[in-house]
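Q: Below you will find the structure I want to go over with you.
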Amino acid sequence: MNREEIITEGYLAAYITGELSAEQLAEVEQFIQDDEQVGDEFYELQKTVEQLAFQYAITPATAVKRFIMEDPKVMTMSMPTASGDRVGNGIKMLLAASVVVTLLSAFAAVYFWNQWKNTDYRLAQLTARNLELAESYHIVNQELTDIRQDLAVLVSPEFSRIILNGTDNAKDAKAVIYWNPDQEEVYLNSANLASLPQNQQYQLWALIDGVPVDAGVFDANEGTFQIMKNIAKADAFAVTVEESGGAASPTLETMQVYGEPQS
Numbered sequence: 000m001n002r003e004e005i006i007t008e009g010y011l012a013a014y015i016t017g018e019l020s021a022e023q024l025a026e027v028e029q030f031i032q033d034d035e036q037v038g039d040e041f042y043e044l045q046k047t048v049e050q051l052a053f054q055y056a057i058t059p060a061t062a063v064k065r066f067i068m069e070d071p072k073v074m075t076m077s078m079p080t081a082s083g084d085r086v087g088n089g090i091k092m093l094l095a096a097s098v099v100v101t102l103l104s105a106f107a108a109v110y111f112w113n114q115w116k117n118t119d120y121r122l123a124q125l126t127a128r129n130l131e132l133a134e135s136y137h138i139v140n141q142e143l144t145d146i147r148q149d150l151a152v153l154v155s156p157e158f159s160r161i162i163l164n165g166t167d168n169a170k171d172a173k174a175v176i177y178w179n180p181d182q183e184e185v186y187l188n189s190a191n192l193a194s195l196p197q198n199q200q201y202q203l204w205a206l207i208d209g210v211p212v213d214a215g216v217f218d219a220n221e222g223t224f225q226i227m228k229n230i231a232k233a234d235a236f237a238v239t240v241e242e243s244g245g246a247a248s249p250t251l252e253t254m255q256v257y258g259e260p261q262s
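Quick note: the sequence shown, position 143, residue 142 per numbering that gives the first Met the number 0, numbers continuous.
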């Protein structure tokens, strides 16, 4: 048992209502004496219970008071054995009993309110955790789907593998095109291309009868396997560096890689 458990899990209310075991009682008492925060919380709870008791104290009805005063047993119990008049003692005893009942009710209300609050907090934590797990499952499931799709492209005989080697502008650069001309599908592996500034992007070009055709812009840091624009026919592929969003025609002096399909 620690400070947080005692404060948040209703041990102080259970201590006041006498619902703890002897071992728990001693442990809570020790915390009340030695731990300032627990002590302050306990005394605040005490004050709250007292306020509730007096706020909701039950005043006996007039008929009840008359019945008590006319009851010989109560009157006998209430009459003084010496001089002085104590007829009201019986009523005071019932009033005291009503206060005790009210106090016990208040203690129970505080205790169960603390229990409900703690349960509600745990339920909120569990709900949040379940949502987090569901989101994680969705992400992992999507990643697995993407991986299966990538593998299907890699092993499919319908896709040609075209290696784009680095030019004098980027001798160590390399990219790989997976192209299915019948379905006009183009996939690009750009793992060996360097990251660019935010105002620049790579652009893939398909050379068709010597004319460059835009095949899409991409960022090397977005992933290693990207879907590009559909291309049905090409004599070669090349990648240039352009302003963000791409260009209408390639900037040849920024060409990074170039490759031709095998005959």
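Ideal Cβ positions, reconstructed from N, Cα and C, are used throughout, including at glycine.
1) Using only CA atoms, which one of A231, D218, Q200, I207 lies nearest to D181?
2) Since I believe V175 is in contact with Y201 (beta carbons under 8 Å), could you give me their beta-carbon distance rounded to a whole number of angstroms?
3) Taking all protein chains shown into account, decide if K170 is buried (16 or more other Cβ within 10 angstroms of its Cβ) or exposed.
4) Is the Cβ-Cβ distance between A247 and K228 less than 7 Å?
5) Run through DSSP, which three-state label would L192 get?
6) Taking Cβ to Cβ, would you say F158 is nearer than 7 Å to A205?
7) Kindly list the residues whose CB is nearer than 7 Å to the CB of E40, restricted to its own chain and excluding five residues on each side of it in sequence; keep chain order.
8) Who are the near neighbours of L187 in its chain, counting only those whose CB is closer than 7 Å to its CB and skipping five residues on each side?
9) What do you get for M254, buried or exposed, if any count of 16 or more other CB atoms within 10 angstroms of its CB means buried?
10) Does DSSP put Y14 in a helix, a strand or coil?
11) How close, in whole Å, do the beta carbons of E305 and Q197 come, if the pair is a contact with beta carbons under 8 Å?
A: This is what the structure gives:
1) Taking the first residue of the sequence shown as 1, we reach residue 181 at position 182. Minimum Cα distance to D181 is reached at A231.
2) Looking up residue 201 in the sequence shown gives position 202. Looking up residue 175 in the sequence shown gives position 176. Y201 to V175, Cβ: 14 Å. No contact.
3) In the sequence shown, the residue the question calls residue 170 occupies position 171. K170 is exposed by the Cβ-count criterion.
4) The residue given as residue 247 occupies position 248 in the sequence shown. The residue given as residue 228 occupies position 229 in the sequence shown. Not a contact, by the Cβ cut-off of 7 Å.
5) Taking the first residue of the sequence shown as 1, we reach residue 192 at position 193. L192: coil per DSSP, three-state reduction.
6) For the purposes of this step, residue 158 is taken as residue 159 along the sequence shown, with counting starting at 1. For the purposes of this step, residue 205 is taken as residue 206 along the sequence shown, with counting starting at 1. No, these two residues do not count as a Cβ contact at 7 Å.
7) To locate residue 40, count along the sequence shown from 1; it is residue 41. Answer for E40: I6, L11, listed in chain order.
8) If you number the sequence shown from 1, residue 187 lands on position 188. Answer for L187: A174, I176, L203, F217, Q225, M227, listed in chain order.
9) Along the sequence shown, read from residue 1 onward, the residue named residue 254 stands at position 255. With 16 or more Cβ atoms within 10 Å of its Cβ, M254 is classed as buried.
10) As a position in the sequence shown, residue 14 is number 15, starting the count at 1. Y14 falls in the helix class under three-state DSSP.
11) Outside the shown range of the chain, which is 0 to 262, sits residue 305, and nothing can be said about it.
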